[in-house]
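**Q**
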Amino acid sequence: MMKIPPGNLASSECLFCKIVAGDIPANRVYEDEFCIGFPDINPQAPTHLLIVPKHHITSIAKAEAGHAALLGSLMSAAAEIARGEKLSKGYRIVVNTGDDGGQTVNHLHLHLLGGRHMNWPPG
Ligand code: 5GP
Ligand code: ZN
Numbered sequence: 008m009m010k011i012p013p014g015n016l017a018s019s020e021c022l023f024c025k026i027v028a029g030d031i032p033a034n035r036v037y038e039d040e041f042c043i044g045f046p047d048i049n050p051q052a053p054t055h056l057l058i059v060p061k062h063h064i065t066s067i068a069k070a071e072a073g074h075a076a077l078l079g080s081l082m083s084a085a086a087e088i089a090r091g092e093k094l095s096k097g098y099r100i101v102v103n104t105g106d107d108g109g110q111t112v113n114h115l116h117l118h119l120l121g122g123r124h125m126n127w128p129p130g
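First residue of the sequence shown: 8, per the working numbering; consecutive thereafter.
(1) At 3 residues or longer, what runs of the beta strand (DSSP E) sit wholly inside the segment 35-116?
(2) List the whole-angstrom C-beta distance separating Val2 from Phe45, where the pair is believed to meet the contact cut-off of C-beta under 8 Å.
(3) Using 8 Å as the threshold, is the segment 91-103 in touch with the segment 68-76, meaning 3 or more CB pairs across them?
(4) Could you check whether the Cβ of His63 sits closer than 7 Å to any heavy atom belonging to ligand 1?
(5) DSSP has Leu120 in a bridge; who is on the other side?
(6) Could you check whether the Cβ of His114 sits closer than 7 Å to any heavy atom belonging to ligand 2?
(7) Using 10 angstroms around the beta-carbon of Ile64, count the other beta-carbons present and answer buried if the total reaches 16, otherwise exposed.
(8) Buried or exposed: which applies to Ala28, given that a residue is buried once 16 or more other Cβ atoms fall within 10 Å of its Cβ?
Laid out in structure tokens, this is it:
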């Protein structure tokens with residue numbers, strides 16, 4: 008059992024907290040103790056899933072040492088989901104952060120993108 012990491016309680020104003028709570032529906036393709044995975048409503052690739060911690064953290068910019076286990080569990084969940092999605096040719100994990108990073112939902116999340124070739128540098 009992981010110690011509860013630093014952060015806020017679920018926010019009634021937060022879209023992803025509402026999805027975690029089930030108040031807004033999402034097709035949970037993955038769920039464990041720490042996070043859920045569901046399709047992005049506006050997919051940017053043939054596979055585009057969001058991996059969202061159940062615990063509210065605004066962004067990776069707020070991460071502290073106490074979040075390390077939670078952050079690790081998000082990455083291993085992404086890898087497990089990618090194997091389930093048969094993304095054997097590869098994929099990309101993205102964490103948009105802040106205004107310059109293009110973050111639009113202020114609840115930490117990973118984007119798992121696959122099913123097409125990804126360009127570099129990203130836009
Ligand atoms: P960000 O721009 O913060 O990195 O990513 C937020 C993502 O959430 C966007 O890709 C957007 O399409 C997705 N999104 C916004 N609202 C909803 C929603 O109600 N349901 C789902 N499944 N995805 C959403
Ligand atoms: Zn939240």
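For each residue, glycine too, the CB sits at the ideal point set by N, CA and C. Predicted model only: the values in this text are computed from it and were never measured.
**A** Reading off the structure:
(1) 42-46, 54-60, 98-101, all fully within the segment 35-116.
(2) This structure gives no information on residue 2, because the portion of the chain shown stretches from 8 to 130.
(3) These segments do not touch.
(4) Incorrect: His63 has no Cβ contact closer than 7 Å to ligand 1.
(5) His55, Arg99, per the DSSP bridge assignment.
(6) His114 Cβ: within cutoff of ligand 2.
(7) Its Cβ being crowded by 16 or more others within 10 Å, Ile64 is buried.
(8) Burial call: exposed.
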